[in-house]
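Report on the following structure.
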Amino acid sequence: MPGLKKEEVKVEIEDGRVLQISGERSQEQEEKSDTWHCVEQSSGRFSKRFKLPENTKVEEVKATMENGVLTVTMPKEEIKRPDVRPIQISSWESLRFFCCVWLFLCCWLLGLVFEEHEEQVEEHEEY
């Protein structure tokens, strides 16, 4: 914004999510010679709007202007990342192995129970 003073520029936030930079430039140009004198005054308005990101800390937006350069600083809130827990993908082979082990243990336990039951029946028959 070369040639502008900071007093000629406005930085505003509208509706909590729109940054508006606007201003008015007025310039006076004077030319003279021995036979004539001319003073021209020109002016112009400008406006630019930007939608702010959702995670902008609107209360902490700051603007500085130095040597015709406008700098607007907009801190952002830290976005919380979801807690991710990886899930192991098992193959049919590992699942089949697990099932075989489980079946073996179940049969073995049933066999022990069945043997114990037979022993109890035999003891009962002896009496």
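Numbering of the sequence shown is given in full-length UniProt numbering, commencing with residue 1 and proceeding in unit increments. Glycine is no exception: its CB is placed at the ideal position from the N, C-alpha and C atoms.
For Lys32, the enclosing beta strand (DSSP E) stretches over residues Val18 to Lys32. DSSP, read as helix, strand or coil, puts Glu12 in strand.
The beta carbon of Glu40 lies closer than 6 Å to those of Gln29 in the same chain, with the five residues before and after it left out. Shown here for Ser47: same chain residues with a beta carbon closer than 6 Å to its own, the five before and five after excluded, namely Ser22 in chain order.
Per the coordinates, the alpha-carbon of Glu24 lies some 15 Å from the alpha-carbon of Glu12. Straight through space, the alpha carbons of Val72 and Ala63 are spaced by roughly 4 Å.
Between Gln27 and Val9, the alpha-carbon positions lie close to 14 Å from each other. When beta bridges are read from the DSSP output, Val61 appears opposite no residue. Taking 8 Å as the cut-off, the beta carbon of Gly68 is found closer than this to the beta carbon of Leu4. For Thr56, the closest of Thr35, Ile79 and Val84 by C-alpha to C-alpha distance is Ile79.
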